[in-house]
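Some notes on the structure that comes next.
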Amino acid sequence: MILKYCLILMQALFFLNMTGCWDALDISRRAIVSAICLDEVDEPGQILVGVQVIIPQNLISGQGQQSQGGAPFAHYLAHGATWIEAMRNIETQLTRSLFLEKTRVLIISQNLAAKGIADVVDFLSRSPQGRHRIRVVIAKEAPARRFLEIIHPLEKDTGSALDLLVTNQEIHSLTKPVSFQELMGCLSERNASPVIPMVGLSTDEKYFQAEGTGVFRYDRLVGWLNRKQTQTYLLLRNQARNVVLTVDAPKGPPKPVSLKLERSATSYQPVIQEGRLLMQIKIEAVFELTEQRTVIDLTKPEDLKALSERLAAQIKGDVHSLITTAQTEYQSDIFHFGSYFHRKYPGQWRQMKENWQEEFFPLVEAQAEAKVNIYRTGLTNRPF
Amino acid sequence: MFTQEKISLNQATALNTAAGIGTVFLIVTQPALETAGRDGWLTIIFGYFTGMLIGLLLIPLAKQFPGKTFVQYLPELVGFLPGKLIALAFVLTYGVFSAMLLRQLAEVMGLIYVETPSIVFTLGLMVLVLYVVRSGFEVFARVTEAVPIIFLSLFFLAVLALPDIQWTNFLPILENGVMPILKGLPPMIAFAGEAVLFMAFWFPTLSQPSEAKKAVIAGFSLAGLSLTIIFIATVGVFGAAQTQTMNYPIFDLADFILVGDFLEEMELLLMIIWVPASLLKVTIFFYPFLVGLGQLFNYHDYKKLSFPLAGAVLLISHLPQNLFQRIEIGHFLDLYIIFPLTMSIPFLLLLSLIRQRQRRQGDGSAV
Numbered sequence: 002m003i004l005k006y007c008l009i010l011m012q013a014l015f016f017l018n019m020t021g022c023w024d025a026l027d028i029s030r031r032a033i034v035s036a037i038c039l040d041e042v043d044e045p046g047q048i049l050v051g052v053q054v055i056i057p058q059n060l061i062s063g064q065g066q067q068s069q070g071g072a073p074f075a076h077y078l079a080h081g082a083t084w085i086e087a088m089r090n091i092e093t094q095l096t097r098s099l100f101l102e103k104t105r106v107l108i109i110s111q112n113l114a115a116k117g118i119a120d121v122v123d124f125l126s127r128s129p130q131g132r133h134r135i136r137v138v139i140a141k142e143a144p145a146r147r148f149l150e151i152i153h154p155l156e157k158d159t160g161s162a163l164d165l166l167v168t169n170q171e172i173h174s175l176t177k178p179v180s181f182q183e184l185m186g187c188l189s190e191r192n193a194s195p196v197i198p199m200v201g202l203s204t205d206e207k208y209f210q211a212e213g214t215g216v217f218r219y220d221r222l223v224g225w226l227n228r229k230q231t232q233t234y235l236l237l238r239n240q241a242r243n244v245v246l247t248v249d250a251p252k253g254p255p256k257p258v259s260l261k262l263e264r265s266a267t268s269y270q271p272v273i274q275e276g277r278l279l280m281q282i283k284i285e286a287v288f289e290l291t292e293q294r295t296v297i298d299l300t301k302p303e304d305l306k307a308l309s310e311r312l313a314a315q316i317k318g319d320v321h322s323l324i325t326t327a328q329t330e331y332q333s334d335i336f337h338f339g340s341y342f343h344r345k346y347p348g349q350w351r352q353m354k355e356n357w358q359e360e361f362f363p364l365v366e367a368q369a370e371a372k373v374n375i376y377r378t379g380l381t382n383r384p385f
Numbered sequence: 015m016f017t018q019e020k021i022s023l024n025q026a027t028a029l030n031t032a033a034g035i036g037t038v039f040l041i042v043t044q045p046a047l048e049t050a051g052r053d054g055w056l057t058i059i060f061g062y063f064t065g066m067l068i069g070l071l072l073i074p075l076a077k078q079f080p081g082k083t084f085v086q087y088l089p090e091l092v093g094f095l096p097g098k099l100i101a102l103a104f105v106l107t108y109g110v111f112s113a114m115l116l117r118q119l120a121e122v123m124g125l126i127y128v129e130t131p132s133i134v135f136t137l138g139l140m141v142l143v144l145y146v147v148r149s150g151f152e153v154f155a156r157v158t159e160a161v162p163i164i165f166l167s168l169f170f171l172a173v174l175a176l177p178d179i180q181w182t183n184f185l186p187i188l189e190n191g192v193m194p195i196l197k198g199l200p201p202m203i204a205f206a207g208e209a210v211l212f213m214a215f216w217f218p219t220l221s222q223p224s225e226a227k228k229a230v231i232a233g234f235s236l237a238g239l240s241l242t243i244i245f246i247a248t249v250g251v252f253g254a255a256q257t258q259t260m261n262y263p264i265f266d267l268a269d270f271i272l273v274g275d276f277l278e279e280m281e282l283l284l285m286i287i288w289v290p291a292s293l294l295k296v297t298i299f300f301y302p303f304l305v306g307l308g309q310l311f312n313y314h315d316y317k318k319l320s321f322p323l324a325g326a327v328l329l330i331s332h333l334p335q336n337l338f339q340r341i342e343i344g345h346f347l348d349l350y351i352i353f354p355l356t357m358s359i360p361f362l363l364l365l366s367l368i369r370q371r372q373r374r375q376g377d378g379s380a381v
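Just so you know, the protein sequences line up as chains V and D, in that order. Residues in the first sequence are numbered from 2 upward in steps of one, following our numbering. Residues in the second sequence are numbered from 15 upward in steps of one, following our numbering.
This is the structure:
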């Protein structure tokens, strides 16, 4: 009987725990980080970490209320041998502890990325704080810490501004946002390399802009795709949306005609023939005519056909030149060709998988085929 | 006395499911990936299917010894000393396992409750386990009827992850033939075997032994299916290579899920099912340890043993120095004790049938 009461008493003790976590830290004791940047420093073996911390008092957005002065965020920099050590060094300047759960963007400088990112992102993959959805961007030709100082007129903090900037590019296929999760997935594969969107500063360093896509070989930045190449790349990866392409009008004076992508489907057929690696790529796309700078009526079926053939030829040319660039200049399989060969020829793949990107990927002969249809011409059919 | 308690068919099914899923859903992807890679889901299915077959073979074996647990009839079957030794190994393994799972609970909780000492979790759960154990096996069987909460939550997690699953992560299927899958089977069969051996222990309490088949088939299918779904969800989202680097893949999956920009932080759901799952699995291992150790020495008032043995388990749970040592101990027990014991059940059945025939012939000649 006494035992029973002891047991009940002991269980009652555990109700004390239910009032809150043992190590609870109130929101007022936390510094909410919206963006993190990783930079190089001159000292060997050190990395520079910068965080942008939101100041909640200055974030008041109600009508008629004046913000109490100052930007709604502050940034802190420190360097250390590892990321976590640098973060601890940052905390020596802080009255609150850093909170990464709501971080939107990780900015990595170009120089650091060129030396390899696999060893610097280790910290984030171990930390139990929310990390899968953090967007990763590469700072092009500028130290990453410069981005933390820029106030975007439309957004409250740089972290969400950069996040939304990159996300906004996806709508027009100018670049594709990459989350930390996707990056880790790509880095853990031997047969493909990641791409990460790049952002750069304007010449007066007042605002930032999307600059295309950085190309990696394994974990090293080796080059970048400009806007046009990025569009072609996304078309190849079946991720293109609203791509705008411009070709010359098929008849009359060579004036530009712009067409917008409605939907597309790219299919791959890997073939191994007498030791040669062939990749047959079939692109089927539907476009809408959005603008023409001629006054010629292009809506006759034969004209539209000629226009779509021109467009198809252009897409085909772009695809071939992009693949050749990736093969010769970067030697990095950003198109995931390796996984197609892996799936169709698991036997032959065994000999290729170790040196796929260096040795075999540049040997792949791509045979692209594009089929374009123009379904609509917007709200009008022909110019006046 | 333990064997006088009676449980229903539904409770038997729930016991099998609970022992099959247990806390395995947290770690099942790792042994499956290790040898079979992206084909690991086949390993899980085959492993649990084998477990189910062995579970079905256990029924005729247990029926020959009505009212006796595995620990009690082993000495009758294989001879006094070997039987007692095997039973002792079985009982002690389950004791150490309950300690390891207690430790695992503390480790996972420690991911979130960074500064809380682990004794809070281990002691807290052990008090709960003691309460359940001392209330009797019928009470525990009723507790396990809450197991649908666990597997429905796991299904829910998998459904939320569905839009992010890349099915190409599972291609090509069977790239290196069936050998890697067969090689990965022992740990899987051991996971299912934990449930089979637990059933060998509680079988005499079943009120309708003739219906036991249903409990085995339903219980093991549900457990195997849940684990397969978990494997498909995690590997589908993260890919085989990345999942292999994770300590707790399902934790990462729960962290990853984001539906419609507002439904996130699913670790919460995982934690809500993690504690009851730990309670079930620790009790599942603690019960045979407690009652079995008593029966081994013909001591039947097991409630009196519960406090000292709980203390021992609590102590053992704090012995491993780190996560990897704990995992290694678990692997060792699974591969070298649970797996051989599970695989021996068909042979024990054969032996018992031979004995039965000999006895009948002996009777016949006497008459």
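We put the CB at the ideal spot given by N, CA and C, even for glycine.
Given that residue i touches chain D, what residues does it touch there, using C-beta distances under 7 Å?
i, result
"Met-11(V)", "Val-141"
"Met-185(V)", "Gln-256"
"Arg-134(V)", "Leu-272"
"Gln-182(V)", "Phe-270"
Can you tell which of the options has its C-alpha closest to the C-alpha of residue i?
i, options, result
"Gly-348(V)", "Met-357(D), Arg-117(D) and Gly-191(D)", "Gly-191(D)"
"Ile-94(V)", "Val-54(V), Lys-103(V) and Thr-83(V)", "At residue 94(V) the sequence reads Gln, which differs from the Ile that was named. Checking every option, the nearest Cα to that of Gln-94(V) belongs to Val-54(V)."
"His-337(V)", "Val-216(V), Arg-294(V), Leu-262(V) and Lys-229(V)", "Val-216(V)"
"Met-11(V)", "Leu-137(D), Gly-34(D), Leu-323(D) and Val-161(D)", "Leu-137(D)"
"Ser-149(D)", "Gln-339(D), Glu-159(D), Ser-320(D) and Pro-162(D)", "Ser-320(D)"
"Ile-210(D)", "Leu-75(D), Leu-272(D), Gln-222(D) and Gly-376(D)", "The amino acid at residue 210(D) is misidentified as Ile; the sequence shows Val. When each option's Cα is compared against that of Val-210(D), the closest is Leu-75(D)."
"Glu-310(V)", "Pro-251(V), Thr-214(V), Val-121(V) and Ile-33(V)", "Pro-251(V)"
"Arg-147(V)", "Pro-198(V), Asn-382(V), Tyr-208(V) and Leu-166(V)", "Tyr-208(V)"
"Val-223(V)", "Ile-197(V), Val-248(V) and Arg-31(V)", "Ile-197(V)"
"Pro-384(V)", "Gln-293(V), Arg-238(V) and Glu-370(V)", "Gln-293(V)"
"Ala-36(V)", "Phe-16(V), Glu-86(V) and Arg-105(V)", "Arg-105(V)"
"Ser-268(V)", "Glu-370(V), Thr-295(V) and Trp-357(V)", "Glu-370(V)"
"Leu-176(D)", "Tyr-262(D), Thr-37(D) and Ile-244(D)", "Ile-244(D)"
"Asn-243(V)", "Pro-144(V), Asn-112(V) and Ser-174(V)", "Ser-174(V)"
"Phe-266(D)", "Gly-186(V), Tyr-376(V) and Ala-313(V)", "According to the sequence as given, residue 266(D) is Asp; it is not Phe. The shortest Cα separation from Asp-266(D) among Gly-186(V), Tyr-376(V) and Ala-313(V) belongs to Gly-186(V)."
"Pro-271(V)", "Gly-339(V), Thr-83(V) and Phe-16(V)", "Gly-339(V)"
"Asp-348(D)", "Gly-198(D), Glu-279(D) and Phe-311(D)", "Gly-198(D)"
Could you tell me which chain V residues have their CB closer than 7 Å to the CB of residue i, listed as they occur along the chain?
i, result
"Ala-255(D)", "Ser-189 and Glu-190"
"Glu-189(D)", "Pro-347"
"Phe-252(D)", "Gly-186"
Can the beta-carbon of residue i be found less than 8 Å from the beta-carbon of residue j?
i, j, result
"Arg-344(V)", "Pro-186(D)", "yes"
"Lys-157(V)", "Pro-73(V)", "yes"
"Phe-361(V)", "Leu-278(V)", "yes"
"Ile-21(D)", "Glu-152(D)", "yes"
"Val-251(D)", "Asp-178(D)", "yes"
"Thr-413(V)", "Ala-211(V)", "Because chain V is modelled from 2 through 385, residue 413(V) falls outside the range shown and cannot be assessed."
"Tyr-301(D)", "Val-147(D)", "yes"
"Thr-27(D)", "Thr-83(D)", "no"
"Ile-6(D)", "Val-110(D)", "Absent from the structure is residue 6(D), since the part of chain D shown begins at 15 and ends at 381."
"Pro-178(V)", "Arg-221(V)", "no"
"Thr-64(D)", "Ala-206(D)", "yes"
"Thr-214(V)", "Leu-226(V)", "yes"
"Ala-268(D)", "Met-280(D)", "yes"
Please compile the residues from chain D whose C-beta is within a distance smaller than 9 Å of the C-beta of residue i.
i, result
"Leu-1(V)", "No answer is possible for residue 1(V): it lies beyond the span of chain V, which begins at 2 and ends at 385."
"His-343(V)", "Leu-185, Pro-186 and Glu-189"
Which residues bound the alpha helix (DSSP H) around residue i?
i, result
"Val-305(D)", "281-310"
"His-343(V)", "338-345"
"Glu-370(V)", "Taken as a continuous stretch (DSSP letters only), Glu-370(V) belongs to no alpha helix (DSSP H), being part of the beta strand (DSSP E) at 366-377."
Could you name the residues of chain V that residue i contacts, counting a contact when the two beta carbons are closer than 9 Å?
i, result
"Pro-322(D)", "Correct list: empty, because the minimum Cβ distance to chain V is about 13 Å."
Following the continuous beta strand (DSSP E) through residue i, name the residue where it begins and the one where it ends.
i, result
"Tyr-269(V)", "257-274"
"Gln-78(D)", "Looking at the DSSP string, Gln-78(D) is not in any beta strand (DSSP E), and its letter there is neither H nor E."
"Ala-140(V)", "136-141"
"Gln-180(D)", "Element bounds for Gln-180(D): n/a, residue is neither H nor E."
What residues from chain V crowd round residue i, counting only those whose CB sits closer than 8 Å?
i, result
"Thr-182(D)", "Ser-340 and Arg-344"
Check whether the segment 252-262 of chain D and the segment 70-79 of chain V touch, using three or more Cβ-Cβ pairs below 8 Å as the test.
no
Please determine if the segment 90-97 of chain D and the segment 230-247 of chain D are in contact, where contact requires at least 3 C-beta pairs separated by less than 8 Å.
no
Decide if the segment 218-232 of chain V is in contact with the segment 311-329 of chain V; the criterion is three or more beta carbon pairs, one per stretch, under 8 Å apart.
yes
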